[in-house]
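For reference, each letter of the sequence shown is one residue, going 48 to 134 in our numbering. Built from N, CA and C at the ideal position, the CB exists for glycine as well. Everything on this sheet refers to the single structure shown next.
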Amino acid sequence: MDVLKVSAAEFQRNIGRYQDLALRQPVAVTRNGRESCVLLSTEEYRRLQRRAREVLSIDDFSDTEVEAVRRAEAPAVAATFDSELKL
């Protein structure tokens with residue numbers, strides 16, 4: 048998805064226009080030539096929130112869960128993708 052870049056001054060002068068544009072594509076607001084924030088539609092923001100994942104460390108798992116992961120094996124159909132591995 049293309050990101051429209053606009054200066055903070057331009058954004059302030061035409062905020063309504065950029066709010067409307069953000070319904071179709073992200074609008075990056077720049078300050079001193081560098082992106083400082085991005086305006087997204089509420090729908091896109093919620094979609095991204097649903098995709099957010101919590102990162103866990105090994106300490107967050109029980110010994111039983113760690114052992115189950117150790118013993119896990121990929122299904123035979125996964126061998127189809129072996130050619131994508133860099134060996």
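Nearest-angstrom Cα separation, counted from residue j out to residue i
| i | j | result |
| --- | --- | --- |
| Y92 | A75 | 14 angstroms |
| E82 | A56 | 13 angstroms |
| D107 | V113 | 10 angstroms |
| G63 | D49 | 20 angstroms |
| C84 | P122 | 43 angstroms |
| E131 | E120 | 18 angstroms |
| N61 | T77 | 14 angstroms |
Segment limits, beta strand (DSSP E) that includes residue i
| i | result |
| --- | --- |
| T77 | 74-78 |
| R118 | Not the beta strand (DSSP E): R118 falls in the alpha helix (DSSP H), residues 110-118. |
| R81 | 81-86 |
| V102 | First-last for V102: undefined, no H or E at that position. |
Extent of the continuous alpha helix (DSSP H) to which residue i belongs
| i | result |
| --- | --- |
| L68 | 62-69 |
| L95 | 89-98 |
Per-residue burial, residue i [other beta carbons within 10 Å of its own, 16 or more giving buried]
| i | result |
| --- | --- |
| F58 | buried |
| L70 | exposed |
| L86 | buried |
For residue j and residue i, believed in contact at Cβ under 8 angstroms, the rounded distance
| i | j | result |
| --- | --- | --- |
| L51 | Q72 | 6 angstroms |
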